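Since the structure comes first, as structure tokens, the remarks are kept for the end.
Printed below as a string of structure tokens:
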């Protein structure tokens, strides 16, 4: 399954879309994703993204 996420900073109207490479669970609940390792689809950059910054997740089969 491929997963994409839109990421936006709250104070800036700038956003980017990325493919999720890895999901990191939280310390209290490992099943709750708190961090995402994502590849920017525009420039290929790899970023760690806090789950609070993700505004939309698209799951495809």
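In my numbering, the protein residues as written are 28 to 88.
Note that CB positions come from ideal geometry on N, CA and C, so glycine has one too.
Here the structure is a predicted model, which means the values were calculated and not measured.
Less than 9 Å separating the beta-carbons of residue i and residue j?
i: residue 68; j: residue 46; result: yes
Which one of the options has the shortest CA to CA distance from residue i?
i: residue 81; options: 63, 71 and 59; result: 63
i: residue 78; options: 85, 71 and 59; result: 59
Got a sec? Which residues, its chain only, sit under 6 Å from residue i by beta carbon, not counting five neighbours each side?
i: residue 74; result: 65
Near residue i, which residues of its chain fall below 7 Å by C-beta distance, leaving aside the five closest residues on each side in sequence?
i: residue 52; result: 58, 59, 60 and 61
Whose C-beta lies closer than 8 Å to the C-beta of residue i among residues of the same chain, with five residues either side of it excluded?
i: residue 49; result: 63 and 64
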